[in-house]
Amino acid sequence: MTGPVIDLGELRHGPDPDPLPRPPRANGRPLRCALVLLLVLVTLASAAVPPPRRAPVTLPAWPGADVMVDGDLVLVMEPTSPTRQGRLAAYRLPGVEPVWQAPLSAEARYWGMTQLAGMVLATGYEIGPEGRETRTIALDRATGAYRWQQPGGAYKLADGNVLLRTGGETEPSSLRAVDPCCGTVRWQLPATTAEVSVRDTGHGVDRVVLNQVDGPVEVRDAITGAVLSSADLRPPDGGPIAVDLTKDLLLSIDRGAGTVTAYGLDQLDRRWARVGVLVDFALDCGPVLCMRAGQKELQAVDAATGELRWRNSRWGWAWPYDGRLIVNVLASADGPEHFVVLDPLTGRELADLGRWDLYQLSAGGRLVGTRRHPDGGVLLGEVDVRAGKVRVLDVLPEATGDCQAITGHLVCGAAPAGAYRIWKLPD
């Protein structure tokens, strides 16, 4: 199982066609990029006896299906196989009664879903004579009726519209914003070879940055497409830079000189610079800015001044949550990664969380975790990051693993192989 394109909360089998190089930064977390946390066994052993088990509902889905729970609907995207055509089907909770189903192109593999403005958007790619082309189709959420189809992968915009991007990597990119109801174009840009970055606020994308290889960096309002600022940020020798967006900053990373310079995102006004540091990427770590530096070192700096707060080569990724910082331990053993909780301002270790597969149900929402129970089934718990504890909620004996917590429900693989079951999470 892997994860979604934009806050999809989906469950799937098989690798993503274009896996992201880092965890998602906001919104409900897709399974591909889900955080992994664990509590030491002695804490679990001393936990209170869990409440009575919740009866699951069996989901009629083919092996390899993607699943998304959206309010009272369960959306199931089933792939095309040699014996049957792919389809997108909707079922009503709590009993999983069929509502509608729509066929999917036999030539395409769809790998992402989201619900927006009464539409279900399914993104995937078509295999054609000129290679792979990413496309997004829109179906009416209530009836499954076809509404529109356009090239590109979909991002939710902060105003509720959709940003579609084609190309990328080795191909020129094109961008356009469309109305989700009917695909009407709000604004669009011609194909460009610039590196395209977006800022997601947790409620949708609000900024688009174009980094020209041999020209200026351009910041645009993602809602209107208007240019907010433009400046040539390349070093004096004209060498290339990488761009990273975090908080309200644009980081210009010159890996050749080992320099990172921070600019205000909207005005590209210079804030600070650090020299002698090879930065791979930056992360929003709440009250500090984290940067993954050379030699696999995590550095935390003051976002306003660039002053180094702390550094540690034990940690890999970092995520802010409830005033704390969750980091994973590098070189963890096979299986779920080992995570600990830090004070973000000092880097001091506050709690050892051990190993859980963790899912954040919404932006700023609760954290629930699963792990395989030694006697079979899946253990379900809720993580209290400030206390460094996990409250055991249930043991799900029918589950076999590969779970995803989404919008108040837990979807897990179950026997026989390829089956899914849905549990309602406790309030």
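So the sequence shown is numbered by this note's numbering: it starts at 759 and just counts up by one.
C-beta: ideal position from N, C-alpha, C; glycine also.
Remember, predicted model here, so these are calculated numbers, not experimental data.
Does DSSP classify residue i as helix, strand or coil?
i: Gly962; result: coil
i: Lys1005; result: coil
i: Gln1025; result: coil
i: Gln1053; result: helix
i: Gln908; result: strand
i: Trp820; result: coil
i: Thr928; result: coil
i: Pro1159; result: Just to set this straight, residue 1159 is Gly in the shown sequence, not Pro. Residue state, collapsed to three classes: strand.
i: Val919; result: Sequence inspection shows Asn at residue 919; the Val mentioned does not correspond to that position. It is coil, neither helix nor strand.
i: Gln970; result: coil
i: Pro814; result: coil
i: Ser987; result: strand
i: His1167; result: strand
i: Trp1073; result: strand
i: Val975; result: strand
i: Ile1084; result: strand
i: Arg1179; result: strand
i: Ala1062; result: coil
i: Ile1011; result: strand
i: Glu746; result: A question about residue 746 goes unanswered here, because the residues of the chain that appear run from 759 up to 1185.
i: Pro1078; result: strand
i: Asp1152; result: strand
i: Leu789; result: With a pLDDT of 31 at Leu789, under the threshold of 50, the modelled position of that residue is not reliable, and the figure given next carries that caveat. Coil.
i: Gly1122; result: coil
i: Thr982; result: coil
i: Asp828; result: strand
i: Trp1114; result: coil
i: Arg1067; result: strand
i: Leu1137; result: strand
Compute the distance between the beta-carbons of residue i and residue j, then report whether it is under 8 Å.
i: Ile1180; j: Leu817; result: yes
i: Pro1102; j: Pro1155; result: no
i: Arg1072; j: Pro1094; result: no
i: Gly1176; j: Pro821; result: yes
i: Leu968; j: Val920; result: no
i: Leu1111; j: Val1098; result: yes
i: Arg1129; j: Leu1137; result: yes
i: Lys1182; j: Gly1166; result: yes
i: Arg1032; j: Tyr1021; result: no
i: Arg934; j: Gln946; result: yes
i: Lys1054; j: Leu1088; result: yes
i: Pro837; j: Gly844; result: yes
i: Arg1144; j: Asp1080; result: yes
i: Val1126; j: Gly1139; result: yes
i: Pro909; j: Thr924; result: yes
i: Gly1052; j: Leu1036; result: yes
i: Leu1056; j: Ala1076; result: yes
i: Ala912; j: Ile981; result: no
i: Leu1100; j: Leu1108; result: yes
Which whole-angstrom value describes the C-beta separation of residue i and residue j, a residue pair presumed to lie in contact below a C-beta threshold of 8 Å?
i: Ser955; j: Leu1003; result: 5 Å
i: Ala880; j: Tyr1178; result: Going by Cβ atoms, the distance from Ala880 to Tyr1178 rounds to 18 Å, so no, they are not a contact pair.
i: Asp990; j: Gly973; result: 7 Å
Output the distance between the C-alpha atoms of residue i and residue j, rounded to the nearest integer angstrom.
i: Ala896; j: Trp869; result: 14 Å
i: Thr892; j: Trp906; result: 15 Å
i: Gly983; j: Pro1174; result: 49 Å
i: Glu976; j: Asp1133; result: 56 Å
i: Pro856; j: Ala847; result: 8 Å
i: Val1018; j: Glu929; result: 27 Å
i: Asp1042; j: Lys914; result: 20 Å
i: Ile999; j: Arg1050; result: 16 Å
i: Gln1025; j: Gly1159; result: 48 Å
i: Gly853; j: Gly876; result: 22 Å
i: Arg992; j: Val963; result: 26 Å
i: Lys1147; j: Trp1030; result: 38 Å
i: Leu862; j: Arg1013; result: 44 Å
i: Leu922; j: Met871; result: 14 Å
i: Thr1104; j: Asp1142; result: 20 Å
i: Leu1083; j: Val1059; result: 14 Å
i: Ser839; j: Val1169; result: 23 Å
i: Ala1061; j: Thr901; result: 48 Å
i: Thr951; j: Val966; result: 14 Å
i: Asp1152; j: Asp824; result: 25 Å
i: Ala1015; j: Gly1034; result: 8 Å
i: Val1085; j: Ile1011; result: 23 Å
i: Glu927; j: Thr942; result: 27 Å
i: Val827; j: Trp1068; result: 40 Å
i: Cys752; j: Asp1038; result: As shown, the chain starts at 759 and ends at 1185. That puts residue 752 outside it, with no answer to give.
i: Ser987; j: Arg978; result: 7 Å
i: Leu831; j: Gln1162; result: 16 Å
i: Arg850; j: Arg890; result: 34 Å
i: Thr894; j: Ala903; result: 15 Å
Which runs of the alpha helix (DSSP H) spanning at least 4 residues fall entirely within the region 840-904, listed in chain order?
none
Give, in chain order, every unbroken run of the beta strand (DSSP E) that is at least 3 residues long and sits entirely within the region 938-962.
943-950, 953-958
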